[in-house]
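Engineer: Structure in structure tokens, see below.
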Amino acid sequence: VQDDANSVDYYVNFNAKKGINSGTREGGNQVTITSKTLAVRDSYGESEFVAKLGGQASFTFANYNITVDAIDTTKGKAHVTLLLTGQSVCMPPSPAP
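Quick note, in my numbering, the sequence shown goes up one by one and the last residue is 231.
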């Protein structure tokens, strides 16, 4: 999610606690949000941990609100339902792993 007013990009991810991440200690099976201040868009740079969200949790950042409606990890693959509201919300789908 781009916050052009503050030159920050926010990244919303799901930290599945399985496979190579099975031993994760923080944010396992939760939605994580990180941010990166933009020097040059799409360049490498340091990111900052912003939040971790479980089911029914919400977080507001910039002009956006994200709500985790549901997290289901019972069928071998994680299924996460999110609601993102705010200005000009337009995000392409993530490629499958």
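By construction, the Cβ of each residue, glycine as well, lies at the ideal position given by its N, Cα and C atoms. Computed from a predicted model, the values in this text were never measured in an experiment.
Three-state secondary structure (DSSP) at Asn147?
Structural biologist: Residue state, collapsed to three classes: strand.
Engineer: Tell me whether Gly220 sits in a helix, a strand or coil according to DSSP, three-state version.
Structural biologist: Residue state, collapsed to three classes: strand.
Engineer: Do you know how far the Cα of Ala150 is from the Cα of Thr158?
Structural biologist: Cα to Cα, the separation comes out at about 9 Å.
Engineer: Are the CB atoms of Ile205 and Leu218 within a distance shorter than 8 Å?
Structural biologist: No, the pair does not count as a contact, with Cβ atoms beyond the cut-off.
Engineer: Mind checking which residues open and close the beta strand (DSSP E) that includes Asn199?
Structural biologist: Note, Asn199: beta strand (DSSP E), Tyr198 to Asp206.
Engineer: Measuring alpha carbon to alpha carbon, tell me which of Val142, His213 and Leu216 ends up nearest Ser177.
Structural biologist: Taking only the C-alpha atoms, the option nearest Ser177 is Val142.
Engineer: To the nearest angstrom, report how far apart Thr168 and Asn155 are at their CA atoms.
Structural biologist: Approximately 17 Å, taken between the alpha carbons.
Engineer: Is the beta carbon of Gly189 closer than 8 Å to that of Val202?
Structural biologist: Their beta carbons are under 8 Å apart, which means Val202 touches Gly189 by this criterion.
Engineer: In angstroms, rounded to a whole number, what distance separates the CA positions of Thr166 and Val184?
Structural biologist: Roughly 8 Å between the two C-alpha positions.
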